[in-house]
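Residue numbers (UniProt numbering): 1 to 369.
Positions of the beta carbon are idealized from the N, C-alpha and C atoms, including for glycine.
Owing to the predicted nature of the structure, the values given are computational and were not obtained by experimental measurement.
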């Protein structure tokens, strides 16, 4: 069955009811306007079979660094590890690992990488390969331009999301230019997913992300994305630990206000929702329009998981100068900076219209699947 996907989707923002629609703005007009630094959350041990490199790249995809490291170290791409895909039009700093058991890296590796535009800022060793999604999060420094820089309400919007968090939407880069990844996913799932047609699972990820965003939009429209509902599945802040709610109570509601727990929605797959009662009804209302995507994901063997509906910012700072606004904040692994920006300003690419197909993010893998 071919689900009737219309692009771009009209997923609501959280702050419009309180402040009205945001004014226009620009971001990422050049790489220096979008700086991402990976927060690993632990220190490499200094010994082991895997060479770890802390690399700064500019206007380059993470996959390009992987290819160059594999070639220069004479290993296969599978011997290269990284925690997440970072944005291409940006300055990014992240760890990479290279499996080099019993041998050293080429003596001129750092020079060779520098000639290709990759600055190696630290080299060490660790016993294990760097795996996707193991990093704690990412730190962003974003420079905004355009009318938003003179918006009198900007600081109030900023304070509202600092205090209450933002809807944890998957960002538009997950879906590709004009939703192309999603349409490809729909057609592939209708035929029957095969790994040879989607080796990195990018299309499966696009379908699951779309279904999650639809559920989040349903909760936003109902005014319940920051509420505890009967039958909810809650996630402990800073972890992937889940627990079910039979009946909401004052203690749970206070923990939600304090940011200790967050409601979740399903990343669809085999095993279903796990939610019940009122929470399950809202999920099913959002998912019933997409039976082809849901059934296709089940047939593909994807296992169901949960993702928080809300994400909190850390280490926040806002600064205005004559022509721009600079934002600084951290997000946990899997969250998208574009979800923050679309609450603060109006800009076409924040509403899922036109972005590169390469999943990016400042989040891919905590992006999750």
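Open item on the list: Just verifying my parser: in three-state terms, what is the DSSP assignment at residue 95?
Closed with: strand
- [ ] Count the other CB atoms, across all protein chains shown, that sit within 10 Å of the CB of residue 218; report buried if there are 16 or more and exposed otherwise.
- [x] buried
- [ ] Can you tell me which of 8, 235 and 128 puts its alpha carbon nearest to the alpha carbon of residue 79?
- [x] 128
Open item on the list: As an exercise, report each continuous beta strand (DSSP E) stretch of at least 3 residues that is fully enclosed by the stretch 131-159, in chain order.
Closed with: 137-145, all fully within the stretch 131-159.
- [ ] For residue 286, collect the residues of the same chain with a Cβ closer than 6 Å to its Cβ; drop the 5 residues on either side in sequence, then sort them by chain order.
- [x] 214, 215 and 218
Open item on the list: Does the structure place the stretch 22-42 close enough to the stretch 133-151 that three or more beta carbon pairs sit under 8 Å?
Closed with: yes
TODO: May I have the straight-line CA-CA distance separating residue 297 from residue 208, to the nearest angstrom?
DONE: For the pair residue 297 and residue 208, the Cα-to-Cα distance works out to about 8 Å.
- [ ] Name the residue from 232, 143, 154 and 191 whose alpha carbon lies nearest to the alpha carbon of residue 31.
- [x] 143
Open item on the list: Measuring only the C-alpha atoms, how far is residue 306 from residue 279?
Closed with: 13 Å
TODO: Tell me the start and end of each unbroken beta strand (DSSP E) in the stretch 268-308 that is at least 3 residues and wholly inside, in chain order.
DONE: 305-308
Open item on the list: Do residue 338 and residue 162 count as a contact pair if the criterion is CB distance below 8 Å?
Closed with: no
TODO: May I ask which residues mark the beginning and end of the alpha helix (DSSP H) holding residue 128?
DONE: Looking at the DSSP string, residue 128 is not in any alpha helix (DSSP H), and its letter there is neither H nor E.
Open item on the list: Please report the distance separating the alpha-carbon of residue 358 from that of residue 250.
Closed with: Note that residue 358 scores a pLDDT of 36, beneath 50, so its modelled location is shaky; the value from the coordinates is reported in the next line. Distance between the alpha carbons of residue 358 and residue 250: 44 Å.
Task: residue 302 vs residue 272 beta-carbon contact at 8 Å - done: no
- [ ] Using 10 angstroms around the beta-carbon of residue 200, count the other beta-carbons present and answer buried if the total reaches 16, otherwise exposed.
- [x] exposed
Task: Cβ pair count under 8 Å reaching 3, the stretch 81-90 against the stretch 113-120 - done: no
TODO: Give the straight-line distance between the Cα atoms of residue 231 and residue 157, rounded to the nearest whole angstrom.
DONE: 31 Å
Open item on the list: With three or more C-beta pairs closer than 8 Å as the rule, is the stretch 40-56 touching the stretch 87-103?
Closed with: yes
- [ ] Decide if residue 193 is buried, meaning its Cβ has at least 16 other Cβ atoms within 10 Å, or exposed.
- [x] buried
TODO: State the start and end residues of the unbroken beta strand (DSSP E) segment that holds residue 233.
DONE: Residue 233 -> beta strand (DSSP E) spans 233-236.
Open item on the list: Can you look up residue 61 in the DSSP assignment and give me helix, strand or coil?
Closed with: coil
Open item on the list: So for residue 264, helix, strand or coil by DSSP?
Closed with: strand
Open item on the list: residue 12 and residue 351 - do their beta-carbons sit closer together than 8 Å?
Closed with: no
Task: Residues sharing a beta bridge with residue 332, DSSP - done: 137
Open item on the list: Looking at residue 130: is its Cβ nearer than 8 Å to the Cβ of residue 95?
Closed with: yes
Task: Cβ-Cβ distance between residue 225 and residue 14 below 8 Å - done: In contact: residue 225 and residue 14 (Cβ atoms closer than 8 Å).
Open item on the list: Between the alpha carbons of residue 55 and residue 93, how many angstroms are there, rounded?
Closed with: 6 Å
Open item on the list: Taking the beta strand (DSSP E) that residue 229 belongs to, which residues open and close that run?
Closed with: Counting along the chain, residue 229 falls outside any beta strand (DSSP E), and DSSP gives it neither H nor E.
TODO: Tell me whether residue 34 sits in a helix, a strand or coil according to DSSP, three-state version.
DONE: strand
Open item on the list: Buried or exposed for residue 206, going by 16 or more other Cβ atoms inside 10 Å?
Closed with: buried
- [ ] Alpha carbon to alpha carbon, how far is residue 257 from residue 196? Give it in angstroms, no decimals.
- [x] 45 Å
Open item on the list: Please report the distance separating the alpha-carbon of residue 180 from that of residue 245.
Closed with: 37 Å
Task: Under the three-state DSSP convention, the category residue 183 falls into - done: helix
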